[in-house]
Each structure stands twice: as C-alpha cells, then as structure tokens.
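This report concerns only the one structure given below.
In our numbering, the protein residues as written are -10 to 290.
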C-alpha cells in the first residue's frame, strides 16, 4: 500500500511497508520489528508528558477540554451498565482521563508500562497505577465494571490476548471501551504514508472498523455503540499530518532548541491548525470515515 519511516519522532531511518492481506484485508506493518527492536522506536515519555502536571493553567485547561468526548462516552457506558464498581484504564499514562471521570476514590485504577507515568498519575492526579501487561495483571476475575483502552491495541503483537484478559476482568454486564486509528478514514486515502495515524513503526496493526468489530466478537464481546470523532485526536492528528514539525510532542521528544518566542509562535500556529482542522474531521466522521474509531462493547452472555 505504501512505505514510510518514523517521520514524527525520527527514532530510525529504516523504511517499513504498510501492507494489506489479500484474504482478510487486514492492514499491518511489514516487517514487524522484534520485541527488542521495537523498544528503540519508543522515545522516552512516548504519549506521556512528564511536565503535564506542572503545565500552566491554560495548557491544562486545553487538555481537560479536549478529553470531554472520551469522558462523556465512558460515563454513558458506565451508566448504561448499571454497575458502580471500579474502572480500569489500560495505557493510562499520567492518569488525566481517570481524574476527569470524577469518580470517588477507590473506583479508578490505571495500568501502564511506564513507571514514571505511574508515579505522575499518583502524585499529580491521585490515580493508583500498576505497571505491566494486562494479560499478566494482578487483578481478580470480574473486578471491574468498565475497562478502557485508548490507542493501545494497534501497538500490540497480540491484541486478542488483551481483549480476552479484559473479558475475564469485567464483571457481568460490564463495559469495554476501545479506541484505535481508523485505516478506512479519508485522511489515509488523501495522505497515504504521511497520515499521522499510521505512526510508523510503532503501530503494528492498522484497524478498519470492521476489523475491530470482528476482533471484539472473536474475543467474546458484543458491540453496542460506535463513534468516529474524537475532539482530542482527530483534529490534532490531521494537524500533525500536515505539519509534523509543529507537533508539540515531537518537538519535545526531539529536544529541539527553541527560544521562548519561537516556541510560543509554533504552539499558537499548531493550535490554529488544529482548530482549522475541526470542520473537515467532523465531516469525515459524519460519513463514518473519521480518523479514529471508539467502540463500546460488553461480554456476551
């Protein structure tokens, strides 16, 4: 389909292919890096900003504002379940999403590979976090009324193992909410290998909506609800596709030396590009071709 390298973070100059299976039509990275190789492609604090807890009030307000889609989607899932048990966020980073759920103490838990993220989640957001992989997590069967996985499955060699673990850890009637980039979106059709949602070489599988539905059903879930727009992810993803050199996370990870004025100029330019991207991303989402897919599912009886 296309070829590309790590255009956002520059962790490698190696070129990878994005291929589609002729039989099942699943899109994936080729070749897959080995588990040892792929560690080098994740820069320190990938998807987690250690300075976020010390950011100025405006930046913190923006982060909370763009999370509203995620929060409202998950709150409705919890309400529909009728359960009041704890919620687990897999790949929780610094715990901001769990904080924004505003649930009572003892009802939110996180899971992440990063020890630094776990420390920040507790010290800044009051969220207890375990470190490790979900299939080997210490939680008991049926412990959670809801489990969330935002932009996790596309990074995994065996996403079915995570979904099967979630099935085991959910209480009867509990809810699973997953979100992944949508390989059937207009942005991929328009920009190909430059589409930010591919995140070469870290995304091993590039799901289309039906791929994700099939995987959930294979893992014992029934899909209840679908959403193709995310205020946090869709406009910012398009902005980073168009101008990766302005992406704030990429600039921080690449340790680009900027004066205060230049940094402010780039931040404001990027924000303007994000805001300008909203109409297009709303349109593609309305046509069920948004650049992300968020699904609510429950274990089949």
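Cβ atoms here follow ideal geometry from the backbone N, Cα and C, with glycine treated the same way.
Of the choices the options, whose alpha-carbon is the least far from that of residue i?
{"i": "residue 132", "options": "164, 105 and 92", "result": "164"}
{"i": "residue 87", "options": "270, 124, 107 and 102", "result": "107"}
{"i": "residue 142", "options": "168, 117 and 118", "result": "168"}
{"i": "residue 188", "options": "211, 144, 153 and 197", "result": "144"}
{"i": "residue 217", "options": "151, 172, 156 and 241", "result": "172"}
{"i": "residue 97", "options": "68, 136, 105 and 122", "result": "136"}
{"i": "residue 253", "options": "235, 33, 184 and 264", "result": "235"}
{"i": "residue 84", "options": "284, 61, 67 and 119", "result": "119"}
{"i": "residue 213", "options": "283, 17 and 175", "result": "283"}
{"i": "residue 81", "options": "248, 260, 59 and 65", "result": "59"}
{"i": "residue 21", "options": "15, 7, 11 and 104", "result": "7"}
{"i": "residue 150", "options": "289, 204 and 35", "result": "204"}
{"i": "residue 211", "options": "90, 50, 285 and 0", "result": "285"}
{"i": "residue 265", "options": "226, 289, 240 and 243", "result": "226"}
{"i": "residue 54", "options": "233, 248 and 221", "result": "221"}
{"i": "residue 201", "options": "56, 243, 152 and 244", "result": "152"}
{"i": "residue 52", "options": "-4, 281 and 260", "result": "260"}
{"i": "residue -2", "options": "287, 250 and 242", "result": "242"}
{"i": "residue 111", "options": "237, 95, 126 and 123", "result": "95"}
{"i": "residue 292", "options": "89, 100 and -5", "result": "Because the chain is modelled from -10 through 290, residue 292 falls outside the range shown and cannot be assessed."}
{"i": "residue 183", "options": "232, 35, 140 and 215", "result": "232"}
{"i": "residue 115", "options": "99, 121, 126 and 127", "result": "99"}
{"i": "residue 157", "options": "289, -10 and 67", "result": "289"}
{"i": "residue 263", "options": "50, 195, 224 and 47", "result": "224"}
{"i": "residue 17", "options": "68, 190, 215 and 104", "result": "190"}
Can you have a look at residue i and say buried or exposed, based on whether 16 or more other CB atoms are within 10 angstroms of its CB?
{"i": "residue 129", "result": "exposed"}
{"i": "residue 109", "result": "buried"}
{"i": "residue 102", "result": "exposed"}
{"i": "residue 13", "result": "exposed"}
{"i": "residue 73", "result": "exposed"}
{"i": "residue 219", "result": "buried"}
{"i": "residue 246", "result": "exposed"}
{"i": "residue 276", "result": "exposed"}
{"i": "residue 230", "result": "buried"}
{"i": "residue 70", "result": "buried"}
{"i": "residue 26", "result": "exposed"}
{"i": "residue 43", "result": "Per-residue confidence for residue 43 stands at a pLDDT of 49, beneath the threshold of 50, marking its modelled position as unreliable; the derived number appears in the next sentence. The residue is exposed, with fewer than 16 neighbouring Cβ atoms inside 10 Å."}
{"i": "residue 179", "result": "exposed"}
{"i": "residue 154", "result": "buried"}
{"i": "residue 324", "result": "The structure shown does not extend to residue 324, since the chain is modelled only from -10 through 290, so no value can be given for it."}
{"i": "residue 10", "result": "exposed"}
{"i": "residue 147", "result": "exposed"}
{"i": "residue 197", "result": "buried"}
Which two residues bound the contiguous alpha helix (DSSP H) that contains residue i?
{"i": "residue 225", "result": "223 to 231"}
{"i": "residue 19", "result": "Where residue 19 is concerned, there is no enclosing alpha helix (DSSP H), although the beta strand (DSSP E) it sits in stretches over 16 to 19."}
{"i": "residue 237", "result": "237 to 242"}
{"i": "residue 258", "result": "249 to 275"}
{"i": "residue 28", "result": "24 to 28"}
{"i": "residue 175", "result": "175 to 180"}
{"i": "residue 73", "result": "It is not in any alpha helix (DSSP H) - residue 73 carries neither H nor E in the DSSP assignment."}
{"i": "residue 85", "result": "85 to 89"}
Can you tell me where the beta strand (DSSP E) holding residue i begins and where it ends?
{"i": "residue 6", "result": "5 to 9"}
{"i": "residue 139", "result": "133 to 139"}
{"i": "residue 211", "result": "210 to 216"}
Compute every distance between the C-beta of residue i and the non-hydrogen atoms of the ligand SAH, then say whether any falls below 7 Å.
{"i": "residue 88", "result": "Within the structure as shown, the ligand SAH is missing, as the structure has no ligands at all."}
To which residues does DSSP link residue i through a beta bridge?
{"i": "residue 79", "result": "100 and 138"}
{"i": "residue -8", "result": "6"}
{"i": "residue 286", "result": "165 and 212"}
{"i": "residue 281", "result": "170"}
{"i": "residue 194", "result": "17"}
Between residue i and chain B, is the shortest Cβ-Cβ distance under 8 Å, so that the two count as touching?
{"i": "residue 230", "result": "As a matter of chain content, chain B is missing from the structure shown, which is built from one protein chain."}
Self-check item: Minimum length 4: unbroken alpha helix (DSSP H) runs contained in the stretch 91 to 171
Solution: Those alpha helix (DSSP H) runs which fall completely within the stretch 91 to 171 and span 4+ residues are 104 to 114 and 148 to 158.
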